[in-house]
Amino acid sequence: MSHSFDDISQQLRRRHRKSARLKWISMGALGLAGLFLVLFFADMLNKGLPAFQQAYINTEVNYTEEAATDARQAIAEDLVPIVSRTEIREIPKEIRNDEDLIGTSEQKWLLVNGEVDQYLKGNRNKLNEEEREAIDERVESGQVELAFNRTFFTQGDSKTSERAGILAAVVGTVMTMIVTLAISFPIGVMTAVYLEEFAPDNRLTQAIEININNLAAIPSILFGLLGLAIFINFFGVPRSSPLAGGMTLALMTLPVIIISTRAALRSVPDSIRHAAFGVGCSRWQVVRDHVLPLAMPGIMTGSIIGLAQAMGETAPLIIVGMVAFIPDVGASFTEAATVMPAQIFTWSGEPEHAFVEKTAGGILVLLAVLISLNAFAVLLRKKFERRW
Amino acid sequence: MNRILKTTVLAAAVMSVAGVAQARDQIRIVGSSTVYPFASYVTEEFGAVSDYPTPVIESTGSGGGLRLFCNGIGDGTPDITNASRRMKPSEFERCEENGVTDITEAKIGSDGIVMGQSNENDELDLTLEQIFLAVAAQVPEDGELVDNPYENWSDIDSSLPDREISIYGPPTTSGTRDAFEELVMEAASSEMDEYEEAYTDIRDDGAYIDAGENDNLIVQRLQEDTGAFGIFGYSFLAENTDALNAASIEGVAPEPEDISSGDYPVARSLWFYVKNQHADEVPPMYEYTEMFMEEQMIGEDGYLKDIGLIVLPEEEREEWRQKMADRTQLELSDLE
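Chains as they are written, first to last, in my numbering: chain V, 13 to 400; chain P, 464 to 799.
1. Note down the Cα distance separating P/L700 from V/V201, rounded to an integer number of angstroms.
2. Do you know whose CA, among V/D90, V/N109, V/M189 and V/A159, lies nearest V/M259's CA?
3. Put P/Q489 into one of helix, strand or coil per three-state DSSP.
4. With distances taken Cα to Cα, identify the nearest neighbour of P/L767 among P/G494, P/L795, P/A502 and P/R491.
5. Taking only beta carbons into account, state which residues of the stretch 663-684 of chain P come closer than 9 Å to chain V, listed in chain order.
6. Check the Cβ of V/K364 against every Cβ in chain P and list those closer than 7 Å, keeping chain order.
7. Taking 9 Å as the threshold (beta carbon to beta carbon), is V/A336 in contact with chain P?
8. For V/G374, which of V/I317, V/E362, V/S384 and V/P353 has the nearest alpha-carbon?
9. Leaving out the 5 sequence neighbours to the left and right, which residues in its chain are closer than 6 Å to V/N74 when beta-carbon positions are compared?
10. Does the ligand ZN have a heavy atom nearer than 8 Å to the CB of V/Q218?
11. V/I222: buried (16+ other C-beta within 10 angstroms of its C-beta) or exposed?
12. Who does P/F695 pair with in a DSSP beta bridge?
13. Thinking just about the alpha-carbon of each residue, which of P/I722, P/I492, P/Y658 and P/I594 is nearest to the one in P/G606?
14. Answer with yes or no whether the minimum CB distance from P/F699 to chain V is below 9 Å.
15. Got a sec: is the Cβ-Cβ distance from P/G632 to anything in chain C below 9 Å?
16. Comparing the C-beta of P/I770 with each C-beta of chain V, is any distance below 9 Å?
17. Which residues of the stretch 340-361 of chain V have a Cβ closer than 7 Å to any Cβ of chain P? Give them in chain order.
18. For V/G373, decide whether its Cβ has a neighbour in chain P, counting only Cβ atoms nearer than 9 Å.
19. Less than 7 Å between C-beta atoms, sequence neighbours within five positions excluded: which residues of the same chain meet that for P/A484?
20. Are any of the Cβ atoms in chain V nearer than 9 Å to that of P/S479?
21. Rounded to a whole number of angstroms, what is the C-alpha to C-alpha distance between P/I543 and P/S621?
22. Would the beta-carbon of P/N708 fall within 9 Å of that of P/N561?
23. Of the choices P/F643, P/V493, P/T540 and P/I536, whose alpha-carbon is the least far from that of P/I594?
24. Mind listing the chain V neighbours of P/D705? Cutoff is C-beta to C-beta under 8 Å, in chain order.
25. Along the stretch 509-537 of chain P, what residues have a CB closer than 7 Å to any CB found in chain V?
26. Quick one: residues in its chain with C-beta nearer than 7 Å to the C-beta of P/Y697, no 5 flanking neighbours on either side, listed in chain order?
27. Are the CB atoms of V/H365 and V/N58 within a distance shorter than 9 Å?
28. Could you tell me the boundaries of the alpha helix (DSSP H) in which V/L391 lies?
29. Is the number of C-beta pairs between the stretch 555-570 of chain P and the stretch 627-640 of chain P that are closer than 8 Å three or more?
30. For P/A599, which of helix, strand or coil comes out of DSSP?
31. Name the residue from V/G60, V/G184 and V/E145 whose alpha carbon lies nearest to the alpha carbon of V/F345.
32. Taking V/E102 as the query, report the chain P residues whose CB atoms sit under 9 Å from its CB, ordered along the chain.
33. Using beta carbons (cut-off 9 Å, strictly below), is V/K370 in contact with chain P?
34. At the level of alpha carbons, what is the spacing between V/F243 and V/T81?
35. Please identify, using Cβ separations under 9 Å, the residues of the stretch 103-129 of chain V that lie next to chain P, in order along the chain.
Shown next as structure tokens:
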């Protein structure tokens with residue numbers, strides 16, 4: 013058998029062509045993925061950024077006798093169709109609680125209603141020609157203007173689009189995550205420490221290991237059903253509460269924390285353990301003083317990623333009743349609350365057009381939180397990671 | 464430090480579970496996703512105007528809501544459930560068995576289900592039978608039932624446009640689907656001799672497309688896919704009149720008056736049910752229900768009309784308001 017020089021050089025060219033082709037295809041795949049990402053972000057920013065702006069109107073609010081029964085009397089009659097109803101509906105209650113208010117008046121920036129707001133942003137709205145002209149005049153005189161939307165960050169959900177904000181959902185998310193972390197972090201780390209440092213290598217521990225790996229891949233809605241059956245129906249944890257939601261999500265986060273903690277523990281070289289044993293440390297001392305501190309950056313990274321995953325979860329929370337309408341910002345772990353992805357889901361189903369930008373705005377806030385969490389995890393790893 | 468914080472939080476959480484009080488200021492409401500936008504509007508208003516906290520309202524579907532409602536009395540069961548259909552006698556019996564014996568019923572308005580399409584199409588008139596033939600899994604042909612052969616609307620009736628049959632509709636879990644099956648499919652199939660009983664199977668060869676619970680999604684799809692129809696609630700049509708129009712059914716267009724009077728054939732009533740046995744335990748309950756029944760909510764110039772509720776005629780509103788004020792007890796005979 014002999015190959016001529018030509019044969020060999022031809023074969024070589026063919027192989028090089030194949031390599032080049034693979035490289036181009038891989039680059040194409042990367043480019044396509046990047047394109048999707050850019051398109052997604054561009055669409056979200058385009059739709060969501062207007063949500064951070066809101067039209068306000070500068071007017072005088074008069075706390076008169078009449079306003080105590082009919083809130084509309086508190087503002088000039090021609091402003092009633094422009095000002096958001098949510099701004100004035102509480103006036104009778106305020107007067108009832110504080111009689112001294114009667115006779116006073118106040119110059120304020122009030123929310124305008126959703127239709128006017130949408131008109132000023134150039135979106136679809138139901139105003140007629142006459143109303144549009146009246147608004148244009150007020151904009152020219154500076155009485156109405158678009159400004160930063162404080163309400164979006166200081167209020168809970170509302171059925172009136174101009175009043176709807178994400179604060180209740182943010183607070184709900186924080187409370188839920190506190191419960192999740194308080195339960196899954198200690199249990200997860202302890203389980204991993206036992207499995208990695210103490211447990212004998214036998215059939216039982218192998219079976220447990222396989223099951224933990226499988227648990228991490230289970231569809232999250234099943235954890236919701238488990239949470240409903242055990243926490244709510246059996247233990248009587250209040251439905252829709254951050255406690256119920258947090259416990260359910262803790263079940264989901266546990267396997268992630270166990271797996272990442274075990275990986276972190278395993279990456280601590282045995283020489284450290286041997287040295288500690290050599291100077292007479294007990295197992296407890298070895299784990300507490302040497303292995304755990306060295307593994308901590310890895311454990312934290314894994315936990316933060318598990319938490320970020322739990323934060324974006326809606327399916328199990330539908331089952332435990334956290335996809336609810338929550339206008340008041342929650343104050344306790346047992347009161348009904350909602351979380352950010354659930355809030356986005358609720359807004360996406362509203363018929364009013366103004367909620368489209370709220371939905372996209374909510375997505376932007378959630379994305380910002382998730383990206384900063386993940387960036388924090390990367391930072392932790394970069395700063396504290398040790399290589400041996 | 465971290466550990467102390469976490470222990471405190473956990474302890475506080477456990478203690479607050481143990482301390483759930485007997486009397487509750489917060490009303491718990493479940494039920495229909497169709498009534499949900501209206502009811503949550505009222506709950507928000509109630510939370511803002513009264514001295515009580517905003518009631519918690521969950522959208523569980525009419526059937527799911529009535530199941531939770533009839534689970535019994537006391538903590539852990541809802542005080543009020545919303546429904547986009549009337550309570551069934553079987554559900555009433557289940558309530559009785561579980562000790563829920565004193566219920567008051569209220570009708571708040573109506574909702575129409577529309578066959579919407581993109582504005583680019585001419586307005587159209589369909590009969591119930593034509594809609595049935597477009598969506599049924601099996602249709603009669605020469606006295607026998609065969610798999611639905613119709614691909615274009617013009618195959619069903621030559622007067623209809625030559626457009627491919629493509630319908631975006633709600634999935635089986637939705638109350639809108641239940642109502643569509645009952646008001647269109649059962650009504651049409653009972654008129655045809657070939658079916659021995661009411662027929663509600665929907666074809667799965669791709670002409671009927673499950674579009675998920677989100678009606679907004681159907682509205683968006685119709686703007687892209689201009690040849691298709693969508694099945695959704697009237698409020699979504701009212702909000703999108705610049706992009707969509709709706710077919711008239713049996714010659715009646717889905718206008719508020721005709722939906723309310725029942726002339727439009729695919730209309731249903733919206734209800735809520737109150738558990739009177741919770742009145743002592745949940746003091747603000749009747750304040751909420753009375754606010755719901757007020758003219759400023761469900762009336763001719765009410766707020767709920769602005770967000771798509773179809774109001775009842777005046778006498779009927781008066782009648783149901785009175786029943787709520789008297790706490791009239793619901794009887795099995797009312798439902799049959």
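We treat Cβ as the ideally placed atom computed from N, Cα and C, and that holds for glycine.
With the given structure in hand:
1. 53 Å
2. V/M189
3. coil
4. P/A502
5. E676, N677, D678, N679, L680 and V682
6. A quick correction: the sequence has Glu, not Lys, at residue 364 of chain V. Here the neighbours are E702.
7. yes
8. V/P353
9. A86 and S117
10. With respect to the ligand ZN, the structure offers nothing, as it holds no ligand at all.
11. exposed
12. P/V577
13. P/Y658
14. yes
15. Protein chains V and P are contained in the structure displayed, whereas chain C is not.
16. yes
17. D340, S344, F345, T346, A348, S360 and G361
18. no
19. A caution first: P/A484 carries a pLDDT of 42, below 50, which makes its placement in the model too unreliable to give a value.
20. Confidence at P/S479 is low in this model, with a pLDDT of 47, below 50, so its placement is unreliable and the value that follows should be read with caution. Output row for P/S479: interface = yes.
21. 49 Å
22. no
23. P/F643
24. R136
25. G510, A511, V512, P516, T517, V519, I520 and E521
26. D574, G575, V577, P717, I722, G771 and I773
27. no
28. F367 to F396
29. no
30. strand
31. V/G184
32. A511 and V512
33. no
34. 45 Å
35. P104, K105, R108 and N109
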